[in-house]
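Residue numbers (numbering that gives the first Met the number 0): 0 to 309.
Glycine is no exception: its CB is placed at the ideal position from the N, C-alpha and C atoms.
Fair warning: this is a prediction, and the values are worked out from it, not measured in the lab.
The structure under discussion appears below in the form of structure tokens.
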Amino acid sequence: MYKKIILYFLFTTAVFGCGKPLYRDSEFIMGTFVEVASTDPRAKAIVFDEFKRLQKAFDMFDEQSELSRLNKTGELTASEDLFFVLKKAREFYGLTEGAFDVTVAPVSILWKRAITRSELPVVEAIEDALYLVGFDGVYLDEDTRQVKLLKMGAMIDLGGIAKGYAVDKAITMLKKAQVSSAIVNAGGNIYCLGPNGRKAWRVGIQDPRVSKNLSARIELIDKAVATSGDYEQFFTFQNKRYSHIIDPKTGYPADSGVISATIVADDAMTADVLSTSIVVLGLQKGRRLLKNFPGVSGKVVDVQDKVHDL
0 MYKKIILYFL
10 FTTAVFGCGK
20 PLYRDSEFIM
30 GTFVEVASTD
40 PRAKAIVFDE
50 FKRLQKAFDM
60 FDEQSELSRL
70 NKTGELTASE
80 DLFFVLKKAR
90 EFYGLTEGAF
100 DVTVAPVSIL
110 WKRAITRSEL
120 PVVEAIEDAL
130 YLVGFDGVYL
140 DEDTRQVKLL
150 KMGAMIDLGG
160 IAKGYAVDKA
170 ITMLKKAQVS
180 SAIVNAGGNI
190 YCLGPNGRKA
200 WRVGIQDPRV
210 SKNLSARIEL
220 IDKAVATSGD
230 YEQFFTFQNK
240 RYSHIIDPKT
250 GYPADSGVIS
260 ATIVADDAMT
270 ADVLSTSIVV
280 LGLQKGRRLL
290 KNFPGVSGKV
300 VDVQDKVHDL
């Protein structure tokens, strides 16, 4: 469940209206650029340290991470962070009726390998990989935090939920340190803490087809926003564009008529998961899904480049 989108911070000046300088920095962590902006110079170290800590749990490309060890051995006593995220992934799996499924990793990897060869996966390979997909194949013991993958060859990819969770944890650490104003962006998963001086933080959302344009601008205080779509991670084969977001039920790239979904929520993990899920589900099913999440709002862009409220 790989996702890359572009969200921009929009600053009218280099400093806040109250005269405090804005400290900005970025580091490449958890497979993406993590950006921090705050009037408090301590903020960047707090955020980066928390991301580096969580990377040891969630990075499936680090052979020493918890997730890699789980995927390799099929069994693990998980840390509190990993177990919590897996429990939330199971919850979202149910709420989205399988549109969000962290066990889709075998199919995603199959497509990635095929793309590098400039070809499509063969149907038989997709069917074989789909056999491994489904959260019913993951056992979670809440008493011992034991995790088991019940199918040989099953794998988990937390790319559609872990970065949002890491943003939320970083914000919690900022609050504990009494940082009152900051914005954290991890690969398009954004949380705006407090106001930007006397005003809300402004975030611009990239047009899904014209990268130099913005499809919307939103203002946020103590809210999260995430956008998912086929912005930059896609490939074209025989004049057809294929999204990097895989539909866990079909084993093929999402083809719901939605090319971009933006979600505003109270936490970054929810925004992260729902934005991806709605690209898979489409407009009408996406609207029904959001009825389960009071206070969450969003917009989608369809294949005709029309914008719809969720």
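Handout entry: Separation of residue 185 from residue 106, as counted between CA atoms
Key = Here the question's residue 106 lines up with position 107 in the sequence shown. Here the question's residue 185 lines up with position 186 in the sequence shown. Approximately 24 Å between the Cα atoms of the pair.
Exercise for the section: Within 10 angstroms of the Cβ of residue 151, are there 16 or more other Cβ atoms? Answer buried if so, exposed if not. Expected result: Within the sequence shown, residue 151 is the residue found at index 152, counting from 1. Label assigned to residue 151: exposed.
Handout entry: Classification of residue 121 by the beta-carbon crowding that lies within 10 angstroms, buried from 16 upward
Key = For this step, residue 121 is matched to residue 122 along the sequence shown. By the 10 Å Cβ count, residue 121 comes out exposed.
Practice task
Assuming residue 29 contacts residue 50 (C-beta within less than 8 Å), just tell me the rounded distance between them.
Solution key: For the purposes of this step, residue 29 is taken as the residue at position 30 of the sequence shown. For the purposes of this step, residue 50 is taken as the residue at position 51 of the sequence shown. Correct: roughly 6 Å between the Cβ atoms.
Problem - Closest residue to residue 67 among 163, 160, 155 (Cα-Cα distance) - result: For the purposes of this step, residue 67 is taken as the residue at position 68 of the sequence shown. If we check each option's Cα against that of residue 67, 155 comes out closest.
Handout entry: Supposed contact pair residue 153 and residue 102 - C-beta distance, whole angstroms, cut 8 Å
Key = Along the sequence shown, read from residue 1 onward, the residue named residue 102 stands at position 103. Along the sequence shown, read from residue 1 onward, the residue named residue 153 stands at position 154. Residue 102 to residue 153, Cβ: 6 Å. Contact.
Handout entry: Span of the beta strand (DSSP E) around residue 348
Key = Residue 348 cannot be examined here, being either before or after the span of the chain that is shown, 0 to 309.
Exercise for the section: Please confirm if the region 249-262 is in contact with the region 219-229, defined as three or more CB-CB distances below 8 Å between the two stretches. Expected result: Contact between the region 249-262 and the region 219-229 is present, because at least three Cβ pairs lie under 8 Å.
Exercise for the section: Mind checking which residues open and close the beta strand (DSSP E) that includes residue 35? Expected result: Numbered from its first residue, the sequence shown carries residue 35 at position 36. Element bounds for residue 35: 31-37.
Exercise for the section: With a 10 Å radius around its C-beta and 16 neighbouring C-beta atoms as the bar for buried, classify residue 58 as buried or exposed. Expected result: For the purposes of this step, residue 58 is identified with residue 59 of the sequence shown, where counting begins at 1. Answer is buried; the Cβ neighbour count reaches 16.
Problem - Residues bridged to residue 24 (per DSSP) - result: Locating residue 24 in the sequence shown gives position 25, where the first residue counts as 1. In DSSP, residue 24 forms a bridge with 35.
Handout entry: Reduced DSSP secondary structure (H/G/I, E/B, other) of residue 222
Key = The residue given as residue 222 occupies position 223 in the sequence shown. Of the three classes helix, strand and coil, the one that applies to residue 222 here is strand, per DSSP.
Practice task
State yes or no: is the C-beta of residue 309 within less than 8 Å of the C-beta of residue 281?
Solution key: Here the question's residue 309 lines up with position 310 in the sequence shown. Here the question's residue 281 lines up with position 282 in the sequence shown. Residue 281 sits away from residue 309, with the two beta carbons spaced by 8 Å or more.
Problem - Which of helix, strand or coil DSSP assigns to residue 139 - result: Stepping through the sequence shown from its first residue, residue 139 is reached at position 140. In the three-state scheme derived from DSSP, where H, G and I count as helix and E and B as strand, residue 139 is classed as strand.
Exercise for the section: With DSSP as the reference, please indicate the residues paired to residue 307 in a beta bridge. Expected result: Taking the first residue of the sequence shown as 1, we reach residue 307 at position 308. According to DSSP, which records beta bridges pairwise, residue 307 is partnered with 299.
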